[in-house]
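Counting from 1 along the sequence shown, just add 1327 to a position and that's the residue number in this note's numbering.
Glycine included, every Cβ here is placed at the ideal spot set by N, Cα and C.
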Amino acid sequence: MRTRGGAEKRTGIGRVSLEAEETHVIPVFIKGIESDLLEAFRKNWWSKETTDICIGPHVDVSDLQKRLKEGGNADELSVEAGERITDAIKKLAAAHKEMEEKEARESDKPYQGAGQV
């Protein structure tokens, strides 16, 4: 399968989610990891930088699994499943960014706790 721009669509995670029966797909967004394993180890072991992990709700692909069993096109269904999973991860990333921005705004405000007049 190809995208409109001609690039090949990737079906990996979608295919795994469809072929692994009775599997629960849980999206996870991890901020603070690197593609470079040594760099990730250095940052997370010797620095005070944190790794944030956001876990989302179950992504239901049971309808796609059913369509696959009924003879649906495996590549098309895998792409659709992958898009659902990717969208769920993107939502987690957006929610995390929103949370960070809110925390940054609130940290600039004066303290509003007990004893303030």
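- Looking from the CA of residue 1390, the closest CA among 1407, 1402 and 1378 belongs to 1407.
- In this chain, the beta strand (DSSP E) harbouring residue 1382 covers 1379–1382.
- Boundaries of the alpha helix (DSSP H) harbouring residue 1396: 1389–1396, taken from the DSSP string.
- Around residue 1420, the same chain offers 1356 as residues with beta carbons nearer than 7 angstroms, after the five sequence neighbours per side are excluded.
- Counting only the Cα atoms, residue 1388 lies some 8 angstroms from residue 1411.
- For residue 1418, the three-state secondary structure derived from DSSP is helix.
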